[in-house]
Each structure stands twice: as C-alpha cells, then as structure tokens.
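Below is one structure, written out as structure tokens; the observations come after it.
Protein chains: 4
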Amino acid sequence: MTFHSKLNYNSVMNEDSKTELTIRQHRGARRRAKTRADLLAAARKVFAKKGYHDASILDITEAADVGVGTFYLHFADKDEAFNTLIDEVFHILEEQVITEVRSHEAITLTVTVHSIFRHAYAQRDLFSIALASGAQVSRTIRVEDTIAGGLIRVFEQVPQPEDLQGYDIQLLARLVTGVIAQGIIWWFDQDEPGPEEMANNVLALLAHGLPASLFTHNN
Amino acid sequence: MTFHSKLNYNSVMNEDSKTELTIRQHRGARRRAKTRADLLAAARKVFAKKGYHDASILDITEAADVGVGTFYLHFADKDEAFNTLIDEVFHILEEQVITEVRSHEAITLTVTVHSIFRHAYAQRDLFSIALASGAQVSRTIRVEDTIAGGLIRVFEQVPQPEDLQGYDIQLLARLVTGVIAQGIIWWFDQDEPGPEEMANNVLALLAHGLPASLFTHNN
Amino acid sequence: MTFHSKLNYNSVMNEDSKTELTIRQHRGARRRAKTRADLLAAARKVFAKKGYHDASILDITEAADVGVGTFYLHFADKDEAFNTLIDEVFHILEEQVITEVRSHEAITLTVTVHSIFRHAYAQRDLFSIALASGAQVSRTIRVEDTIAGGLIRVFEQVPQPEDLQGYDIQLLARLVTGVIAQGIIWWFDQDEPGPEEMANNVLALLAHGLPASLFTHNN
Amino acid sequence: MTFHSKLNYNSVMNEDSKTELTIRQHRGARRRAKTRADLLAAARKVFAKKGYHDASILDITEAADVGVGTFYLHFADKDEAFNTLIDEVFHILEEQVITEVRSHEAITLTVTVHSIFRHAYAQRDLFSIALASGAQVSRTIRVEDTIAGGLIRVFEQVPQPEDLQGYDIQLLARLVTGVIAQGIIWWFDQDEPGPEEMANNVLALLAHGLPASLFTHNN
DNA sequence: CATGAATGAGAATTCATTCAT
DNA sequence: AATGAATGAATTCTCATTCAT
Chain A
1 MTFHSKLNYN SVMNEDSKTE LTIRQHRGAR RRAKTRADLL AAARKVFAKK GYHDASILDI
61 TEAADVGVGT FYLHFADKDE AFNTLIDEVF HILEEQVITE VRSHEAITLT VTVHSIFRHA
121 YAQRDLFSIA LASGAQVSRT IRVEDTIAGG LIRVFEQVPQ PEDLQGYDIQ LLARLVTGVI
181 AQGIIWWFDQ DEPGPEEMAN NVLALLAHGL PASLFTHNN
Chain B
1 MTFHSKLNYN SVMNEDSKTE LTIRQHRGAR RRAKTRADLL AAARKVFAKK GYHDASILDI
61 TEAADVGVGT FYLHFADKDE AFNTLIDEVF HILEEQVITE VRSHEAITLT VTVHSIFRHA
121 YAQRDLFSIA LASGAQVSRT IRVEDTIAGG LIRVFEQVPQ PEDLQGYDIQ LLARLVTGVI
181 AQGIIWWFDQ DEPGPEEMAN NVLALLAHGL PASLFTHNN
Chain C
1 MTFHSKLNYN SVMNEDSKTE LTIRQHRGAR RRAKTRADLL AAARKVFAKK GYHDASILDI
61 TEAADVGVGT FYLHFADKDE AFNTLIDEVF HILEEQVITE VRSHEAITLT VTVHSIFRHA
121 YAQRDLFSIA LASGAQVSRT IRVEDTIAGG LIRVFEQVPQ PEDLQGYDIQ LLARLVTGVI
181 AQGIIWWFDQ DEPGPEEMAN NVLALLAHGL PASLFTHNN
Chain D
1 MTFHSKLNYN SVMNEDSKTE LTIRQHRGAR RRAKTRADLL AAARKVFAKK GYHDASILDI
61 TEAADVGVGT FYLHFADKDE AFNTLIDEVF HILEEQVITE VRSHEAITLT VTVHSIFRHA
121 YAQRDLFSIA LASGAQVSRT IRVEDTIAGG LIRVFEQVPQ PEDLQGYDIQ LLARLVTGVI
181 AQGIIWWFDQ DEPGPEEMAN NVLALLAHGL PASLFTHNN
C-alpha cells in the first residue's frame, strides 16, 4: 500500500525544529501513517459491508479503533475517504495491468482482459462498492472511466488501425467496458467462475460475437 | 403515462350509489389520481436530478406543489415511490418490446436491441436513475435483471440451439446486458448517437466481435 | 343512552322553516343522532383498546364506518369525545348508584360500594381508560372525583355524625376512593373476583381494618 | 442523587494509562455525567409540568440547555429517560424504606407507611408523574407494584399469620396500596397535611376501619 | 496527534384539522 | 350532513462535523 503522496501532508516544520524534533516528527509521522492505514482498511471493510451511504463515520472509526475526531485529521469527509480508497485500487489496477501487459510482446485485449479480471477478482469487495456506489458519489472518478481508458489505449495500439475504422473508439471502449463490468458485477453474489474463465467467456464473446442465427431469421 | 392499474382504487361502488354519489366519488378519485400523477412526475424529475439518496420527500412534494403529508397519502416511503416509478417504466418496456418483437416474423436480437434502445432513449431520465441507484434500493428489481431476462428469452428461441452450446446462457445474457446498459449510460451526459445508431453499434459489436488483430499479436 | 343534552345542538332553525322542513330536520336529526352514537361506540372501543393517546381520530372514524370529517361535525376534538364518553358513564354511575341506594332503607357504605363495583365491573373497559388516562386529559373530571363525591354524601348522612369526628371528610373520602379505585384497577388484567366478592373484600378492610399485629410489635 | 452506577462508564482504564491520560478521561467522563444529570433534572421538571406525553425531547433539552442530539447520547428515547427517572426514585424509596424499617425492632405497617409518605412527600413532583403517567408507559414498573411489593413483605412477616387468614394477600396489598397512592395524589394540588399527619390518617383508617354506623342501619 | 462529548441542521413521519364537493 | 383528499405543524431521530481537553 502506498501513502507516499499523502505523507508530506504535515511536513511543514516549526521554525525552531531541532534534530531531536525531527526524530519526534518521524515517530509522529509513522504513527500518523499507521492510523491512516487503519482508517482506510476499516473504511474498506465498512463500505463493502454497508455500502457507501449506510456507512457512517462512526462505523469506520469504531472498526479502526480510533476516536471519531481522528477521522477528520486524515480525511476532509466521507467522500474523500471513499475516493482515496477507490483511487488507490485503481492506481494499482492501472499499474498492475500496465506491468503485466508490458511483460508480453504486445498489448492485446486478451492480456488486458485477463489482467483486469485477475485484479478485480482479488479485490472483489472494493469493486463491488465502486460499481454499486460510484454513481452516487459526486467527485468519484467512475470505475468505468478507468477501464474504458485502458481499453482505449489498447485500441490505439492496434497494429492495423484500419481494422477499427468506422468505429467510434470512445463509444466502443464504453460498450466493451460494459461487458467487463457485468463480469465483475456477476461476482457480487457468486464466486464462480473464477477470473481466468470469466476472462475467457468475455473474450469469446468479444472475439467472435454471438451466433448469426440470433440476428436474422432465415427459413 | 398510464396509471390505469391504480385508477380503480376508489371505483368500487356501493350498489345503491346514485348518480350524485357517483359524481362525488369520481371527483375525489380524479383529484387523487391527479395528485398521485403529479407526485410521480415530480419524483421522476427530482430523482433524475439529485439521485435516489439525495432526493428528499420535501424536494418531491415541493416539485409537485403539494403538502408533505400528501406524499404519505400515496406512498409508504421514498422506496415505494421509487419502485413504483421504476416498475412502471419497466412494465412498459417489457410490454413494448414484446409487442414490437411480436410484430416481426421472429424474435431476433436485432429487433430486441433496437426496441430496447428506442424505449430507453425516450425515457433516458428514468433509466439513468434506475441504472445509477438500482443497487442502492433494496426492493428494486434491478434493471439489469429485466434486460437480461428479455435476452434469455431471445436466446432460448434461437432456431439452432446448438449455436449456443458451450455458453452459460445466464452469464452470457448478463454480459450482453452490460453492453446494452453501457449504451444507455452513455446517454447520461450526451444525446448522441440516437437510439437507432446506438443499436447498430451494439449489434455490430455483438454480431462480429472486435477485429482479431486486437487479440493476437502476429508479426 | 342519553344524548338529550346534545340534541338541540343544531336546532336553531332557518327563519323560513316550514312544517315540511321540520320533518326533514327530524329525519336529519335522527340520522345525526345515529352517527353520533356510532362514533361514541367506536371511540369507546378504540380508547379501550389503544388508550387515550394512541387512539387516532382515524381509528375512531374507521371503527364507526364514517368519514374522518364527520367526526368534527359531532365533536370539537378528541378531548371532547373522550370527555363525553366519560361523563356519560359517570352520570349513569351516579344515577344508578343513587337509585339503588334509595331503594334501600338507608344510605350505607355497604350498599354504595356494592353498587359502585357492580357498575364498574359491567363497564370495565371504560373505567380502565378513565383511570389510566384520566390524568392525561386536561378537562376531564377525574373519575376519582365522582367516586369521592358519592362517598362524601354517604359520610354526611351517617346517623351518628360524632362517629366521624376528628376525620377530615374530604381526605377520608379520597383515601377510601383509593381502595375502591385499586379494586377496579385490579380488573385491568384479571376478571376475578367478581363485583360482589370484590365489594366484600373492600368492605371487610374498611369495616375492621387490618389486624393490630401489623401495626405494633408486642413481644 | 446518585448516578454511581453510570459513573464507571468510562473509568475502565488502560493499564499503562499515565496521570495525564487519567485526567483527560476524568474530564470527559465528568462532563458527560454532568450533562446526564442536567438532562435528568430537566426531564423531571418537564415531565412534572407537562406530563409524559406532552413533554417533547426538545422541551427537555432546552430546559437542560443542551443540544437535541445530546439527549440521544444519553438515552435511547423518551421512554428510557422516563424510566430512568422513575427507577431512580424507586430504588431510593426502596432502600430508604428498608433502611428505616430495619432500624426499628420489627417491620410494622406503622413504620413502613410513615417511611413511604416521608419519601413521597419529599419527591412529590416525581411521584405525581409516576402515578399519573405510569400506565401510559409500557416498560415502566408501575409505582403501585413497588408499593404493593413492600406491603406484601410486611404482611408476610406478621407475627401471628393466622391474623391474615382468609385474606387474599395480593389483593389486600393492592387495596392498601390504593389508600397510600391516593394519599400521595392528594399532594398534587395541596401541600397539606404533611407526611406525618398523612401517614397517621392512613394508619388510623387501616387500623380501625370506618365507624360501624356507616355500614349498617340499626335504628 | 488523538479523543469523544456535544452540536444542530436536516430527514422522515404522523395526525389533528380544514374544506371543496 | 357526510366525505375524504389535502395540509403542514410538530415530533423523533440521525449523523457529519467541531472543538475543548
């Protein structure tokens, strides 16, 4: 888990800070980071269990075993905590997918989709909240945007760009995102199939489409 | 808009009811139905604007220009008003899709998808709420269930069932639902493309899938 | 049941009232009285079941099978309906006790107490409400006042007034009322013993008091 | 007033708590206890003035000069506050009566009744509410039960049990409770006579009963 | 830094009462 | 006279947020 971006938060120091003080601050900073991590872990648990709206700050602070006021020392409000949580997971998703994809010779949908599902399955709890409550929380970067963004990057690197001619890339990415999102939502209630098989299902659909007989009616 | 199912509410009449009584009852019932319709219209507007959770009963009654108490004369709580709204639209969707599909020689995905998008586009506001808040409201029949249900019916009537062999119909229906849902969600922020073109986009994806070059990396 | 005191309520007549009109009014008056009686009967039932505060006007009008508005045609508010009910029962109590007592040669506590319990047992439902809710309703003549009043009359007619010398008649009447009231309250939960035996119990206590051994400690 | 049972609320302390911590905790706990006491005092005043049903939470918090929400920090609802109040007084009554009675050679009605009235007079306000509203509040241990319970204990310790033969002890205790309760209710409106004289009146009635001339009519 | 008692705005809900028909 | 739809004041209760310690 990485909180580095937040750690300098309070690092503006008192003018009379001495070496000793610096050490103290380090201790404080460490404690602070620990508390913050506790809060985020608790928030995740609580959000997953109760959903965004029914989760109260008290729920979270109790789960984190800290005082109510402490929450506000780390987050401006519930929104911020939620967004932090979501952002975190998505940054990891992005990084991980990028890394995994890079380790292959080319960026293909196959690799990307597998990678997404693998990560989403491991983090089912958060993805549930994100997909269920995302639209409710104003400032949230919608999960779908992240996925769609990843897909667009894949589409743009297609070897024969003419293959995608005629498609509205943006819309296309969205529609494909829909398939993937539903795959993840499927895990709300059931754990089967696992990520690899799920990816295969989705890829099969995306690769060949549905049987022609569903679209026309020849007699 | 049809509230017919509710209009008989007060129409059970005493056998010995006189013309005068009948008129009286009618006036009351008519007023009642009008108020109910106003409330539903207001609820629709408010839900669309603020989302399920941030809409308060007061918001709704003010938009409907009735007293707070009046709301509770017609609905037990916010949930019930919301569900009424959703149910209504979905019953109409179902009926309309079924009717439209029937008027064709065979039930094809083509017809179904076009029909769904046509209806959803006309009712974009409600579909937004339904797709965004659905998961938040316990009793709601999730929109996705309705769509998936319709798709399953289509799948089951495919002329050559062997074409779908190997597919998990339930999951498949879900995944396809995802594409359609994202198509509708697309209309959250923009009005283009219209329903027919949207349907065509979706159908193209579903019929042929994505270009093979996206999946493999031949050199 | 006597509503005579209320029946002239609306009897101020239009100047142009004709004989025919009078007849019509009679019909109206009869109908009016019937509705009023229905409402009182319903109120009694509802008050007995739910208590004063939890009984709503709607409860009463529904039980009486009339419209809500009708209630206000007969009573100014809930209080008035309640008080009417109580007053009625107490007037009957008074009349009945007076009649019964008169039929005996002399007014004795024995006769009075038996008479009170007989009546109270028959009307347990109303007495319950009166004793339980009486203090809650501002304008109500408290039940205890009625009983105490009756007792005072008995005390004042005692053949040898010197027997009561030293007693504060008012307070004494109250204290005795307490015994009787508790006898009635006893019937909240149980129906045994019946009125005659209850009266005997109370009279035994009032006649001889409790055994002396309870008061002193001789060894 | 003793809130001791609640005072240890926050006093469970970390073993490694330092002096500083102890003080901090004490301050919080002290403030909390003070607020709670304020609320109870205010509730007492408000209940006494308006009765149970007409007292609103707002009335109480305004009288206590705290925010509305604060009430709910200390009591689940109006019922709980009311019951707390009643329980408190009755536990004190019980303890006090028991103590006083013990200090005498034997448990006699004389001592018990005097003790009850002495306490009830000092707490007239609360006893009023308790006797007037008791039946309205579901969970309340009815005041009468407490008094009756005390009396039963006295009756059971009578030196010559055969003296009470033929009496239904339960009912008898209730009836006697009625006398005592009416004595207390007498103080609703007037302050005279004081507790000792009141007790004497009641004891006189209970010891010797009423003059025989009230019961029979010999000429 | 951490705490948790206190706060009060805001939400839901009820119900006595009015009034057009 | 009767009706019942509509009203809105009043009440309970919750919870994000503040702040003294």
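Protein chains in written order, with the numbering used here: chain A, 1 to 219; chain B, 1 to 219; chain C, 1 to 219; chain D, 1 to 219.
Glycine included, each C-beta is placed from N, C-alpha and C at the ideal position.
Residue i at chain B interface by Cβ criterion, 7 Å
{"i": "phenylalanine 221 of chain A", "result": "Since the displayed chain A opens at 1 and closes at 219, residue 221 of chain A lies outside it and no answer follows."}
{"i": "aspartate 163 of chain A", "result": "yes"}
{"i": "leucine 205 of chain A", "result": "yes"}
Contact with chain C by residue i, beta-carbon distance below 7 Å
{"i": "proline 159 of chain D", "result": "yes"}
{"i": "leucine 109 of chain D", "result": "yes"}
Reduced DSSP category for residue i - H, G, I as helix; E, B as strand; rest coil
{"i": "proline 105 of chain A", "result": "The residue you asked about is not proline; residue 105 of chain A is glutamate in the sequence shown. Coil, per DSSP."}
{"i": "serine 56 of chain C", "result": "coil"}
{"i": "leucine 210 of chain A", "result": "coil"}
{"i": "glutamine 96 of chain D", "result": "helix"}
{"i": "phenylalanine 75 of chain C", "result": "coil"}
{"i": "threonine 216 of chain C", "result": "coil"}
{"i": "aspartate 189 of chain B", "result": "coil"}
{"i": "tyrosine 167 of chain D", "result": "coil"}
{"i": "aspartate 65 of chain C", "result": "coil"}
{"i": "glycine 183 of chain D", "result": "helix"}
{"i": "glycine 149 of chain C", "result": "helix"}
{"i": "valine 113 of chain D", "result": "helix"}
{"i": "proline 161 of chain C", "result": "helix"}
{"i": "glycine 51 of chain B", "result": "helix"}
{"i": "glycine 194 of chain D", "result": "coil"}
Chain D residues whose Cβ lies nearer than 7 Å to that of residue i
{"i": "valine 179 of chain C", "result": "Leu175, Gly178 and Val179"}
{"i": "histidine 119 of chain C", "result": "Under the 7 Å cutoff, chain D gives no residues; its nearest Cβ is about 18 Å from histidine 119 of chain C."}
Status (buried if at least 16 other CB within 10 Å, exposed otherwise) for residue i
{"i": "alanine 43 of chain B", "result": "buried"}
{"i": "threonine 99 of chain C", "result": "exposed"}
{"i": "valine 68 of chain A", "result": "exposed"}
{"i": "isoleucine 184 of chain A", "result": "buried"}
{"i": "threonine 216 of chain D", "result": "exposed"}
{"i": "isoleucine 107 of chain D", "result": "buried"}
{"i": "phenylalanine 82 of chain D", "result": "buried"}
{"i": "leucine 73 of chain D", "result": "exposed"}
{"i": "glycine 150 of chain A", "result": "buried"}
{"i": "glutamate 144 of chain C", "result": "buried"}
{"i": "asparagine 201 of chain A", "result": "buried"}
Contacts that residue i makes with chain B (C-beta to C-beta distance below 9 Å)
{"i": "glycine 183 of chain A", "result": "Leu171, Arg174, Leu175 and Gly178"}
{"i": "valine 66 of chain A", "result": "Residues of chain B passing the Cβ test: none, with the nearest at roughly 26 Å."}
Any chain D beta carbon closer than 7 Å to residue i
{"i": "threonine 84 of chain C", "result": "no"}
{"i": "leucine 126 of chain C", "result": "no"}
Neighbouring residues, chain B, relative to residue i (Cβ below 7 Å)
{"i": "histidine 220 of chain A", "result": "The structure shown does not extend to residue 220 of chain A, since chain A is modelled only from 1 to 219, so the question has no answer here."}
{"i": "valine 202 of chain A", "result": "Leu175"}
Residue i: contacting residues in chain A (beta-carbon distance under 7 Å)
{"i": "tryptophan 186 of chain B", "result": "Leu171 and Arg174"}
Partner residues on chain D for residue i, Cβ-Cβ distance less than 8 Å
{"i": "histidine 91 of chain C", "result": "Here the premise fails: no neighbours, minimum Cβ distance about 23 Å."}
{"i": "valine 154 of chain C", "result": "Leu214"}
Within-7 Å CB hit, residue i to chain A
{"i": "histidine 53 of chain B", "result": "yes"}
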